[in-house]
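Presented below is the structure to which this report refers.
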Amino acid sequence: MRDENFLLEIAGFVVCLLLLCGDIESNPGPNPNPSSTQGSPLLVKTNPRVTRGQSTLPFGDSRSEKSSDIDIAKSLVNITQALGEIMSQLDMFKSELVDIKIELQTMIEVKENLSVIQKENNVLKEKLEKLEENVKVKNLIVFGMIEAERETATETEARVRAFLADKLGVEGADCEDKLPIDRCFRFGRKVPDKCRPILVTVLLQKHKTAILNAFKTFRQNSESRKTEYIKEDFSERVRNIRSKLGAILFKVKSAHPGELIALKYDKLIYRGQAYTYNSKLDCVVACDGDKDVPNAIKLTQ
């Protein structure tokens, strides 16, 4: 709108200038008599071309008047056409600006919707991770146990119970009533001459703790460490955190032998304080926000 007003002001200014020129008969301009210029030496001295041009003007010529009127009319027509073209271009620009505004508004709405969807997706992801962790909380994975050619799930469970009772000395492991097992099966693709791991799910958390404690004692024997092995079943999130914390644990123990530091689930316990890995910050942080991370841990990152 400001551009349109500006152009209209210019057109009006040009028309006013043309009107101010006046009629040649009623407003003939300077005196064409060369003698009149002699009385103004300053004008002759400053710009003699002005007096020379005035002395040759055909004042009082009707044909010149008609020619001037025609030129003015043509100029007005040209100005009108130019203004029309400019107005049409402005209308086109306005239409394009409206389209751009609509597209921008659509993009803003899409971005807002994506932001909402992303938040909902993050919430669902956290819920799925918690659900997976709750499902795996009573799982154990047994490695290195001999696998028969056509071993059934019942035979696999019997093999695991015998290992828990005979080698680990877990009380009641050979009795279903004393140590109930919900699931026991091998997983993964079967490869010749290799034993697939066994997933064991117990019904009670105390039985899982008893098995892990018994295995800690069992693995003190260097010969047995090369055969059967038991570890907890963690979710992908916990595995990633433990991988980061495990590397820090190794470095701290190497640099400070005898330090009280241990890895428990997704926490690093150092001198009685718990720390964990923050994937967003890509660093170890204290579980208690008011605590600072010790230098022994900071230097390992």
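Residue numbers -26 to -1, 1 to 275, in mature numbering (1 follows the signal peptide of the UniProt record, and there is no 0), belong to the letters of the sequence shown in order. We treat Cβ as the ideally placed atom computed from N, Cα and C, and that holds for glycine.
Own chain residues within Cβ distance below 6 Å of residue i, not counting five before or after
i	result
E145	none
Opposing strand residues paired with residue i [DSSP bridges]
i	result
F117	Y203
R157	T175
C149	Its beta-bridge partners do not exist; DSSP assigns none.
Q247	Y244
V258	Y251
Close beta carbons around residue i, own chain, < 8 Å, minus the five adjacent residues each side
i	result
K180	none
Residue i, DSSP secondary structure in three states
i	result
G27	Bear in mind that a pLDDT of 46 at G27, under 50, signals an unreliable position, so the model cannot answer this.
V165	coil
T126	coil
K238	strand
N252	strand
V109	helix
Q194	coil
V144	coil
G220	helix
F208	coil
R170	coil
H230	coil
Close Cβ partners of residue i (< 7 Å) along its chain, the five nearest in sequence each way excluded
i	result
C261	K241, A248, Y249, T250
E131	I155, C158
E103	S209, R211
F189	L142, I204
I215	D240, T250, Y251
G220	L237
Of the residues the options, the one placed nearest residue i, counting alpha carbons only
i	options	result
C158	A139, N113, D65	N113
R133	A229, L173, L78, V72	L173
N252	L102, I44, E125, K218	K218
G162	I115, Q194, T80	I115
T175	K93, K164, K205, P231	K205
I155	L177, L105, K254	L177
F137	G220, L186, E202	E202
I222	R193, C257, F192, T191	C257
Closer than 8 Å: residue i CB and nearest the ligand NAD heavy atom
i	result
E202	The ligand NAD is absent from the structure shown, which contains no ligand whatsoever.
Review point. If you pair each beta-carbon of the region 86 to 95 with each one of the region 148 to 156, do three or more pairs fall below 8 Å?
Key: Fewer than three Cβ pairs drawn from the region 86 to 95 and the region 148 to 156 lie within less than 8 Å of each other, which leaves the two stretches out of contact.
Point to revise | Meets three-Cβ-pair contact criterion under 8 Å: the region 114 to 122 and the region 165 to 173 | key: The region 114 to 122 is in contact with the region 165 to 173.
Exercise for review: Report yes or no: do the region 209 to 218 and the region 96 to 113 share at least 3 C-beta pairs separated by less than 8 Å?
Suggested key: Segments in contact, yes.
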